[in-house]
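Quick note: the sequence shown uses the numbering used here, first residue 1, plus one each step. Backbone N, C-alpha and C fix where the C-beta goes; we use that ideal spot for every residue, glycine too. Computed from a predicted model, the values in this text were never measured in an experiment.
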Amino acid sequence: MLADIYRGYIACLNAQDWGNLSTFVHDALHYNGRTLTLDDYRDMLKKDFREIPDLFFDIQLLIAEPPRVACRLRFECAPKGVFMGLPVNGKRVVFCENVFYEFRDGKIDNVWSVIDKAAIEAQI
């Protein structure tokens, strides 16, 4: 079931289990229209965790209709410095990400992500 695969992917991210990321993501994928390798995608996620040490992906809404998943993720965290061009500097903020995934052969092939930057701006 696609929803279960996606929940496994989110658990993988939250555990920072980078060795198993390839279980959920293709060797090449598209992220907001850009072509990335799995290593590029892994590096992007690792950077997020470096900049936001308490990062936790919290599924608020999940709709799975193969081959796509739509999800609203909630974050309550304290980015260390500048985040999305905003001087958050360790302040605790709450925001959501609306993200769509397209799967091919049981793995993520396309990701379209929009983060609610206005929610962050209103809190700093």
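Per DSSP, the bridge partner or partners of residue i
i	result
C96	R74
W18	Looking at the DSSP assignment, W18 forms no beta bridge with any residue, so it has no partner.
P87	V82
D58	R74
A28	T37
E65	R68
Y101	V69 and V111
Where residue i sits in the DSSP three-state scheme
i	result
K46	helix
I124	coil
D109	strand
D116	coil
I10	helix
I5	helix
Contact with chain D by residue i, beta-carbon distance below 7 Å
i	result
R68	In the displayed structure, chain D is absent; only one protein chain is listed.
CA-to-CA distance, residue j to residue i, given in whole angstroms
i	j	result
D4	D43	24 Å
F95	I120	6 Å
D105	L29	13 Å
E51	G85	13 Å
T37	D27	6 Å
Any contact between the stretch 71–86 and the stretch 46–59? By contact I mean 3 or more CB pairs, one from each, below 8 Å. yes
Do the stretch 62–71 and the stretch 27–46 make contact, defined as three or more Cβ pairs closer than 8 Å? With a cut-off of 8 Å, the stretch 27–46 and the stretch 62–71 do not count as touching, because too few Cβ pairs lie within range.
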